[in-house]
Amino acid sequence: MLSPENTPLPETVQGWLELDKKYRIKGRYDISQILVKGEGVLVWDADGRAYIDFESGQVCASTGHCHPAYTASIVEQAAKLVQTGSRYTNPPRILLARKLANIMPGNLSRECGGHDHPFEAIRPSCKWFAIVHFDVTPDIITTSKSMGGGVPLCAVTTTPEIADSVAELGYHQPSSHTDDPFLVAVGLANMESLERRGLAQNAEVMGRYLKDEFERMQANHEILGDIRGFGLTIGLEIVIDRASKAPSPLHASAISEYCHTHGLLLGHRPSGAVSGNGIRILPPLILTRTEADEGVLILRDAFVHAEKTVEARGADGTSWM
Numbered sequence: 000m001l002s003p004e005n006t007p008l009p010e011t012v013q014g015w016l017e018l019d020k021k022y023r024i025k026g027r028y029d030i031s032q033i034l035v036k037g038e039g040v041l042v043w044d045a046d047g048r049a050y051i052d053f054e055s056g057q058v059c060a061s062t063g064h065c066h067p068a069y070t071a072s073i074v075e076q077a078a079k080l081v082q083t084g085s086r087y088t089n090p091p092r093i094l095l096a097r098k099l100a101n102i103m104p105g106n107l108s109r110e111c112g113g114h115d116h117p118f119e120a121i122r123p124s125c126k127w128f129a130i131v132h133f134d135v136t137p138d139i140i141t142t143s144k145s146m147g148g149g150v151p152l153c154a155v156t157t158t159p160e161i162a163d164s165v166a167e168l169g170y171h172q173p174s175s176h177t178d179d180p181f182l183v184a185v186g187l188a189n190m191e192s193l194e195r196r197g198l199a200q201n202a203e204v205m206g207r208y209l210k211d212e213f214e215r216m217q218a219n220h221e222i223l224g225d226i227r228g229f230g231l232t233i234g235l236e237i238v239i240d241r242a243s244k245a246p247s248p249l250h251a252s253a254i255s256e257y258c259h260t261h262g263l264l265l266g267h268r269p270s271g272a273v274s275g276n277g278i279r280i281l282p283p284l285i286l287t288r289t290e291a292d293e294g295v296l297i298l299r300d301a302f303v304h305a306e307k308t309v310e311a312r313g314a315d316g317t318s319w320m
């Protein structure tokens with residue numbers, strides 16, 4: 000009699016989903032897809048079908064999926080040293096701290112980092128941080144997600160005055176994975192790649208291109224309300240009509256489900272986190288015009304589909320962004 004580990008592995012999305020249900024505790028999402036490969040802006044499922052990823056994984060794959068320079072940094076550091084903890088430091092950690100200090104606005108130059116992630120990604124909009132578009136001088140900036148490019152990495156950067164003050168009060172960053180050389184080396188390589196390839200500038204150009212396309216769609220679809228964001232961090236508000244501005248999660252769900260079925264992954268789910276009437280558009284910063292056009296074409300058809308199939312009625316709640 001074969002043990003469960005010796006049974007043949009599934010070869011399809013459905014087969015893997017059935018196996019997943021046996022062993023996973025239900026989380027905040029209803030899992031309906033099994034992804035097995037990524038390259039650039041594309042990911043593939045276990046059935047071999049390709050999808051345009053307009054969510055950058057979960058807002059992490061800033062330089063695209065599996066870029067050769069990124070994967071090389073993983074292999075290189077894994078062969079040297081992976082884990083040390085917060086009792087020690089290492090050259091990649093020091094260089095990443097210096098990189099963050101060099102790109103921060105104002106006088107932010109002291110940093111501590113770790114494995115957990117505050118929900119703030121580095122997603123440049125010509126500049127490194129969206130806050131520079133506003134008349135605000137920050138005391139602290141938290142970064143994660145896109146900074147690591149896929150590995151779990153975060154940082155908190157503040158002024159020398161605040162850093163010295165909290166240290167005097169006895170605060171120290173405790174974590175088994177703070178300063179781990181593997182995480183910081185990969186994060187540093189990702190940020191250097193982002194800078195070297197001019198992806199902040201590409202985010203500005205392609206973000207403006209997408210917003211122009213969405214504004215043209217707005218003229219033809221009453222359910223498309225506000226279009227917000229900077230660079231390639233864009234939010235689409237889905238409403239019953241622009242006159243009432245009443246939120247319509249049902250239309251938003253119809254749009255995201257249609258896109259998923261037709262090869263486009265969006266930052267929206269029918270229920271749970273990232274649901275409601277807001278759709279996040281967050282493609283990798285390497286997005287090209289051809290890839291943008293392919294995604295917009297699917298989205299146009301999705302809006303037509305939603306208007307034809309969803310009954311217009313009010314709903315409680317708005318977006319989780």
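Under numbering that gives the first Met the number 0, residues 0 to 320 are what the sequence shown spells out, in order. Glycine is no exception: its CB is placed at the ideal position from the N, C-alpha and C atoms. Since the structure is predicted, the reported quantities are computational estimates derived from the model, not experimental observations.
Buried or exposed: where does residue i fall if 16 or more other Cβ atoms within 10 Å of its Cβ makes it buried?
i           : result
residue 320 : Summary for residue 320: the model assigns pLDDT 44, below 50, so the residue's position carries little reliability, and this model does not support an answer.
residue 287 : exposed
residue 10  : exposed
residue 218 : exposed
residue 246 : buried
residue 13  : exposed
residue 15  : buried
residue 82  : exposed
residue 201 : buried
residue 7   : exposed
residue 128 : buried
residue 30  : exposed
residue 318 : Caution applies to residue 318, whose pLDDT of 47 falls short of 50 and renders its modelled position unreliable; the value that the coordinates give is listed next. Buried.
residue 144 : buried
residue 276 : buried
residue 223 : buried
residue 68  : exposed
residue 93  : exposed
residue 268 : buried
residue 236 : buried
residue 298 : buried
residue 57  : exposed
residue 296 : exposed
residue 294 : buried
residue 259 : buried
Tell me residue i's beta-bridge partners as DSSP assigns them.
i           : result
residue 228 : 233
residue 254 : Paired residue(s): none; residue 254 is not in a bridge.
residue 49  : 43
residue 280 : 233
residue 132 : DSSP output for residue 132 lists no bridge partner at all.
residue 81  : Answer by DSSP bridge pairing: none, since residue 81 is not bridged.
residue 150 : 148
residue 139 : 157
residue 165 : Answer is none; residue 165 lacks a bridge partner.
Grouping DSSP H, G and I as helix and E and B as strand, with all else coil, what is residue i?
i           : result
residue 74  : helix
residue 246 : strand
residue 117 : Because residue 117 sits at a pLDDT of 49, beneath the cut-off of 50, its placement in the model cannot be relied upon, and the following sentence gives the value as read from the coordinates. Reduced to three states, the DSSP call for residue 117 is coil.
residue 156 : strand
residue 10  : coil
residue 182 : helix
residue 112 : strand
residue 304 : helix
residue 221 : coil
residue 273 : coil
residue 259 : helix
residue 145 : helix
residue 309 : coil
residue 206 : helix
residue 37  : strand
residue 56  : helix
residue 316 : Because the pLDDT at residue 316 is just 49, under 50, the model does not fix this residue reliably, and the point stays unresolved.
residue 266 : strand
Would you please state the rounded distance, in angstroms, between the beta carbons of residue i and residue j? I believe it to be under 8 Å.
i           : j           : result
residue 52  : residue 264 : 5 Å
residue 221 : residue 241 : 6 Å
residue 178 : residue 88  : 5 Å
residue 250 : residue 303 : Rounded, the Cβ-Cβ distance is 12 Å, inconsistent with contact.
residue 126 : residue 45  : Their Cβ separation, rounded to whole angstroms, is 39 Å, which puts residue 126 and residue 45 out of contact at 8 Å.
residue 49  : residue 262 : 7 Å
How about residue i: is its Cβ closer than 7 Å to a heavy atom in the ligand MN?
i           : result
residue 297 : This structure lacks the ligand MN, and indeed carries no ligand of any kind.
Exercise for the section: Would you be able to state if there are at least three C-beta pairs under 8 Å between the segment 104 to 114 and the segment 223 to 234? Expected result: no
Practice task
Evaluate contact between the segment 144 to 154 and the segment 199 to 213, counting only Cβ atoms and requiring at least three cross-stretch pairs below 8 Å.
Solution key: no
Exercise for the section: Determine contact between the segment 63 to 73 and the segment 151 to 158, defined as no fewer than three beta-carbon pairs at a distance below 8 Å. Expected result: no
Problem - Cβ contact check for the segment 253 to 262 and the segment 166 to 179: 3 or more pairs under 8 Å - result: no
Practice task
Could you tell me whether the segment 178 to 197 touches the segment 63 to 82, where touching means 3 or more Cβ pairs closer than 8 Å?
Solution key: yes
Problem - the segment 192 to 206 in contact with the segment 279 to 299 per 3-pair CB rule at 8 Å - result: yes
Practice task
Mind the definition here: the segment 131 to 147 touches the segment 156 to 168 only if three or more C-beta pairs lie below 8 Å; say whether that holds.
Solution key: yes
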